[in-house]
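Student:
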């Protein structure tokens, strides 16, 4: 078995209603994959299956050749809904992850590592603050710091910037890219979004899920060189062409559903 | 994000942190604070009205001759005269209430969180809890006095029973109400077993637990005074019963008012503790 994430024939049904059908996907280690699809296409469900938070109805999920049968520190997750524990300060939230990644570390060591992670995401000013004292963007930085502190080689992000304003969203996209590009070895990332520009700007590859039930309808490489410059890329012709292609794929799927209905 | 909003984001990307990334507290709109004096006056109005009605009833109405309704000045004098005795009674009552309530809180939280997070324990214990919890704890008093070696132990037991069920039931409800996102995060972070219950379920359930503690504390005072009516030789309930037996109604009413004050102080203290512990619960 190769290194990375492997999904074969994955089905998932909820109360007999099919949500995902026949998902086959190979994601090599270190790749940044954007998982794109309309609302209800099962993107988040697929991410939860990869995280081990839910079980498949059929099919196999493997991470580095081993079956995924539950949550593991190998797979960090950042959710959309700012899920830091509200009763812990930001640094303590991150320190919990440090403690899990390095169980033999002392309290002071954990805190030091947690502060370093918070600095990495530009949150050094909020070390002792509690989640309710932070804006949405700051909370999501904290969630990313916590996922990084866990040291998981596979990072799963479920529309992490979906609730942010455009300016903060752009800032956090750049932060995520900077963190990912600077790491050695690179983490494998599966990034769920319904925003075409975000998917193309961030990913090495865009996997598009169609709806009812969710299935892979396109798997497109995003060959733009790394250390991407936002303005230049978003205004470039290749970017526009690829965006048109993705938008057409999504529109065709929507049309197919309407005709079927 | 549409292309146009993305482009707008590009253009507007500032050099310093944008307003949207500022702490929530700084952006929160300030609610108009109601006047403290007005709130105080509103809170005092019912007390003042009741006091006036009591004064009029005891002095000016025909039932003013009734010794069962002593005039407020008489009660005030009896209260002042009885303060040493009431203080001693308070200490005596606290030696029953504090251990009974504290044990109930600890046992209620531990049992409630265990039952609320384990399907097997829930299946085993909830049917029993549904039968046992509604039984009025006062019915245990005569039996507890008969079966336990001292009155104090009997009273502590009854207070324990009365406070245990509200804390237990609310701890179970708090564990059940744990949001899925916190369950998911705990799973992702590898928090399981005792660590999961201690670091995730317990703090998340605290708002429910404090509600149960408030109900349990009110029950505790009721049960404490009722138990003291049965066979105590000291305590707040005993004070009221003793002077009622001698038809000394000014002292009896003073005892009732004093007990109300002690109860209010205890409830206020618990509420302060709740606010302090749950500062994060907005």
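Protein chains in written order, with the numbering used here: chain A, 138 to 398; chain B, 487 to 768. We put the beta carbon where it would ideally sit given N, CA and C, even for glycine.
Out of B:675, B:683, B:572 and B:532, point me to the one whose CA is closest to residue 745 of chain B's CA.
Tutor: Checked all of B:675, B:683, B:572 and B:532; the closest Cα to residue 745 of chain B is B:572.
Student: For residue 217 of chain A versus residue 274 of chain A, is the C-beta spacing smaller than 8 Å?
Tutor: It is not a contact, given that the beta carbons lie outside the stated cut-off.
Student: For the region 367-382 of chain A, enumerate the residues whose C-beta is nearer than 7 Å to any C-beta of chain B, in chain order.
Tutor: Going along the region 367-382 of chain A in chain order, one finds 367, 368 and 371 with a Cβ nearer than 7 Å to chain B.
Student: So, helix, strand or coil for residue 640 of chain B, using DSSP?
Tutor: Here residue 640 of chain B sits in helix by DSSP.
Student: Compare the beta carbon distance of residue 345 of chain A and residue 285 of chain A with 8 Å and say whether it is the shorter of the two.
Tutor: Not a contact, by the Cβ cut-off of 8 Å.
Student: DSSP on residue 295 of chain A, reduced to helix/strand/coil?
Tutor: Residue 295 of chain A: strand per DSSP, three-state reduction.
Student: For residue 200 of chain A, decide whether its Cβ has a neighbour in chain B, counting only Cβ atoms nearer than 8 Å.
Tutor: Not one chain B Cβ lies under 8 Å of residue 200 of chain A.
Student: Could you compute how far the alpha carbon of residue 669 of chain B sits from the alpha carbon of residue 207 of chain A?
Tutor: One C-alpha to the other measures close to 13 Å.
Student: With the cut-off set at 8 Å, would you say residue 608 of chain B and residue 617 of chain B are in Cβ contact?
Tutor: The answer is no: Cβ separation not under 8 Å.
Student: In chain B, which residues lie less than 8 Å from residue 102 of chain A when you measure between Cβ atoms?
Tutor: In this structure chain A extends from 138 to 398, so residue 102 of chain A is not present and cannot be described.
Student: Is residue 647 of chain B closer than 8 Å to residue 623 of chain B when the C-beta atoms are compared?
Tutor: In contact: residue 623 of chain B and residue 647 of chain B (Cβ atoms closer than 8 Å).
Student: According to a CB-to-CB cut-off of less than 8 Å, which residues of the region 662-678 of chain B neighbour chain A?
Tutor: The residues in question are 667, 668, 670, 671, 673, 674, 675, 676 and 677.
Student: Anything in chain A within Cβ reach of residue 689 of chain B, meaning under 9 Å, just list it in chain order.
Tutor: Result: 222, 223, 224 and 225.
Student: Ordered along the chain, which non-local residues of its own chain (more than five positions away) have a Cβ less than 8 Å from that of residue 511 of chain B?
Tutor: Its pLDDT being 49, under 50, residue 511 of chain B is placed unreliably in this model, and the value from its coordinates should be taken loosely. For residue 511 of chain B, where only same-chain residues beyond five positions count, there are no Cβ hits under 8 Å.
Student: For residue 547 of chain B, does the three-state DSSP call read helix, strand or coil?
Tutor: Here residue 547 of chain B sits in coil by DSSP.
Student: Counting only runs that start and end within the region 525-574 of chain B, where is the alpha helix (DSSP H) found for 4 or more residues in a row?
Tutor: Runs of the alpha helix (DSSP H) inside the region 525-574 of chain B: none found.
Student: DSSP has residue 142 of chain A in a bridge; who is on the other side?
Tutor: Partner(s): A:164 and A:200.
Student: Tell whether a beta-carbon distance below 8 Å holds between residue 181 of chain A and residue 161 of chain A.
Tutor: Against a cut-off of 8 Å, the Cβ pair of residue 161 of chain A and residue 181 of chain A comes out as no contact.
Student: Mind pulling the chain B residues with CB within less than 7 Å of residue 206 of chain A?
Tutor: Neighbours of residue 206 of chain A on chain B: none; closest Cβ ~13 Å, over 7 Å.
Student: Taking 8 Å as the threshold, find out whether the region 175-193 of chain A comes into contact with the region 323-330 of chain A through three or more Cβ pairs.
Tutor: With the cut-off at 8 Å, the region 175-193 of chain A and the region 323-330 of chain A touch.
Student: At 8 Å on the CB atoms, spell out the chain B contacts of residue 395 of chain A, in chain order.
Tutor: What residue 395 of chain A touches in chain B: nothing, since even the nearest Cβ is about 22 Å away.
Student: Would you please state the rounded distance, in angstroms, between the beta carbons of residue 720 of chain B and residue 691 of chain B? I believe it to be under 8 Å.
Tutor: Residue 720 of chain B to residue 691 of chain B, Cβ: 37 Å. No contact.
Student: Residue 155 of chain A by DSSP, collapsed to three states: which one?
Tutor: Residue state, collapsed to three classes: strand.
Student: Going by beta carbon distance, what residues of the same chain come within less than 6 Å of residue 665 of chain B, once the five residues before and after it are set aside?
Tutor: No residues qualify anywhere along the chain.
Student: For residue 276 of chain A and residue 268 of chain A, what's the separation of their Cα atoms in angstroms?
Tutor: Their backbone Cα atoms lie some 6 Å apart in a straight line.
Student: From residue 489 of chain B to residue 322 of chain A, what does the alpha carbon distance come to, in whole angstroms?
Tutor: Unreliable positioning characterises residue 489 of chain B in this predicted model, as indicated by a pLDDT of 41, which lies under 50. A coordinate reading is not provided.
Student: Below 8 Å between beta carbons: does that hold for residue 260 of chain A and residue 227 of chain A?
Tutor: Yes, the pair counts as a contact, with Cβ atoms nearer than the cut-off.
Student: In the DSSP assignment, what residue or residues form a beta bridge with residue 206 of chain A?
Tutor: Answer is none; residue 206 of chain A lacks a bridge partner.
Student: Taking the straight line between their C-alpha atoms, what separation do you get for residue 166 of chain A and residue 241 of chain A?
Tutor: Straight-line Cα distance between these residues: approximately 28 Å.
Student: Report yes if the CB atom of residue 713 of chain B is closer than 8 Å to the CB atom of residue 641 of chain B, and no otherwise.
Tutor: Cβ distance < 8 Å, so residue 713 of chain B and residue 641 of chain B count as in contact.
Student: Going along the chain, which unbroken runs of the alpha helix (DSSP H) with 4 or more residues stay wholly within the region 591-634 of chain B?
Tutor: Counting only runs of 4 or more, we get 605-618 and 627-633.
Student: In whole angstroms, give me the CA-to-CA distance for residue 282 of chain A and residue 316 of chain A.
Tutor: Rounded to the nearest angstrom, the two C-alpha atoms are 10 Å apart.
Student: Does the Cβ-Cβ distance between residue 625 of chain B and residue 709 of chain B come in under 8 Å?
Tutor: No. Outside cutoff.
Student: What residues in its chain sit with their C-beta under 6 Å from that of residue 553 of chain B, if we drop five residues either side in the sequence?
Tutor: Around residue 553 of chain B: 735.
Student: Please confirm if residue 768 of chain B has its CB atom under 8 Å from at least one CB of chain A.
Tutor: Yes - at least one Cβ of chain A is within 8 Å of the one on residue 768 of chain B.
Student: Where do the ends of the alpha helix (DSSP H) carrying residue 319 of chain A lie?
Tutor: From DSSP, the alpha helix (DSSP H) with residue 319 of chain A extends over 303-319.
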